[in-house]
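Encoded as structure tokens, the structure appears first; notes follow it.
Number of protein chains: 2
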Amino acid sequence: MNSTENLGGFQLLSLLAVIRRNGDAHPARIQDELEQIARRTVTISTVYVTMERLRKKGMVRSWLGEPQPVRGGRRRRYYEITDLGLRSVREARQELDRMWVGLDSHPDLGRR
Amino acid sequence: MNSTENLGGFQLLSLLAVIRRNGDAHPARIQDELEQIARRTVTISTVYVTMERLRKKGMVRSWLGEPQPVRGGRRRRYYEITDLGLRSVREARQELDRMWVGLDSHPDLGRR
DNA sequence: ACATTTAAACGACAATGTCATAATAATCAA
DNA sequence: TTGATTATTATGACATTGTCGTTTAAATGT
Chain A
0 MNSTENLGGF QLLSLLAVIR RNGDAHPARI QDELEQIARR TVTISTVYVT MERLRKKGMV
60 RSWLGEPQPV RGGRRRRYYE ITDLGLRSVR EARQELDRMW VGLDSHPDLG RR
Chain B
0 MNSTENLGGF QLLSLLAVIR RNGDAHPARI QDELEQIARR TVTISTVYVT MERLRKKGMV
60 RSWLGEPQPV RGGRRRRYYE ITDLGLRSVR EARQELDRMW VGLDSHPDLG RR
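Read top to bottom, the protein sequences are chains A and B. Here numbering that gives the first Met the number 0 is used: the first residue of the first sequence is 0, the next is one more, and so on. Here numbering that gives the first Met the number 0 is used: the first residue of the second sequence is 0, the next is one more, and so on.
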């Protein structure tokens, strides 16, 4: 039934950030997304390490971008979600959704 | 902004299971809930260890139940979510919800 | 008492989360 | 063309969480 590996909580958020930043997902952007949208503070190292681990699991693919027309620095590393990643994200959401069913009527948990 | 500690992915599912089984949440029931609703297979040890860690973090409280009128065995240990646990669950959901905003229009991710 | 049963509790290790620090590749200035 | 400066990747280390096999404890029937 579990066709894909389980994702960690932060891995899931990171994959969602990659999807959102579609085409422009390098660590600094992913970090922005996480801080601005999820409102979770993380360092860039955390993002980077997480992305590399996701890459090793086949959830994302990555490549180096062209040099920027700015002062200095290495080339950026971009990430993009794979089909496997997409499937895992879907599965993670479904798991959560099923657990939430019925809980909106809980006094302290309604979606708003 | 982050008033509560972050929950692991499985910790979140476990807390939801406890809420669902309200009043009848001992490891075996929590396991059932996880397998039947979330459709994730886990051993009972996994559930137990996770619950104890959540207890140490103040997310749940626990007590021993009365002996059952059946063959044998130890007394069951029941768990119940605390206010802190509830807050963490809410926060985790909101984080996720915010990240999902706009993604329903994604070709491979619509909620159905 | 003792065998049998049920469930908690423990121990161990892999995976994930987290960050400080180091290494690298780029541009600008002299 | 060399060196200072900078942006960003990459590494190392450690804490927390995820996972399960095994052991211990507490209950009941014979």
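Every residue, glycine too, gets a C-beta built ideally from N, C-alpha and C. No experiment lies behind these values; they were computed from the predicted model shown.
CA nearest to the CA of residue i, picked from the options
i: A/Ile18; options: A/Pro66, A/Gly7 and A/Leu33; result: A/Leu33
i: A/Ile29; options: A/Ser87, A/Ala91, A/Gln93 and A/Tyr78; result: A/Tyr78
i: B/Thr3; options: B/Leu108, B/Tyr47, B/Val88 and B/Ser61; result: B/Val88
i: B/Ala24; options: B/Phe9, B/Met98, B/Arg60 and B/Gly8; result: B/Arg60
i: A/Gly57; options: A/Arg38, A/Asp31 and A/Arg86; result: A/Arg86
i: B/Gly101; options: A/Leu6, A/Leu53, A/Glu94 and A/Asn21; result: A/Asn21
i: A/Glu90; options: B/Arg39, B/Arg92 and B/Arg74; result: B/Arg39
i: A/Val46; options: A/Ile36, A/Phe9 and A/Trp62; result: A/Phe9
i: A/Val53; options: A/Asp103, A/Arg97 and A/Ser13; result: Per the sequence shown, the amino acid found at residue 53 of chain A is Leu instead of Val. Answer by Cα proximity: A/Ser13.
i: A/Gly84; options: B/Leu108, B/Glu65 and B/Lys55; result: B/Leu108
i: A/Arg73; options: A/Trp62, A/Met98 and A/Asp82; result: A/Trp62
i: A/Val48; options: A/Asp96, A/Asp103, A/Ala27 and A/Gln93; result: A/Ala27
i: A/Asp82; options: B/Pro106, B/Ala16, B/Arg92 and B/Arg97; result: B/Pro106
For residue i: DSSP bridge partner residues
i: A/Arg60; result: A/Glu79
Short CB-CB distance (under 8 Å) between residue i and chain B
i: A/Leu108; result: yes
i: A/Glu79; result: no
i: A/Ile36; result: yes
i: A/Glu94; result: yes
i: A/Ile43; result: no
i: A/Arg20; result: no
i: A/Gly7; result: yes
i: A/Leu102; result: yes
i: A/Arg73; result: no
i: A/Arg89; result: yes
Residue i, enclosing alpha helix (DSSP H) - first and last residue
i: A/Ile36; result: No alpha helix (DSSP H) contains A/Ile36, which DSSP labels as neither H nor E.
i: A/Thr42; result: A/Thr42 -> no alpha helix (DSSP H), and no H or E assigned at all.
i: B/Ser13; result: Gly8 to Arg19
i: A/Met32; result: Note that residue 32 of chain A is Glu in the sequence shown, not Met. It spans Pro26 to Glu32 - the alpha helix (DSSP H) in which A/Glu32 sits, taken as one unbroken run.
Neighbour flag for residue i against chain A, beta carbons, 8 Å
i: B/Met50; result: no
i: B/His25; result: no
i: B/Ile29; result: no
i: B/Met58; result: no
i: B/Leu85; result: yes
i: B/Arg39; result: yes
i: B/Leu53; result: no
i: B/Leu11; result: yes
i: B/Arg97; result: yes
i: B/Leu15; result: yes
message = Please give the ranges of any beta strand (DSSP E) in the segment 84-111 of chain B, keeping only runs that are unbroken, at least 3 residues long and fully inside the region.
response = none
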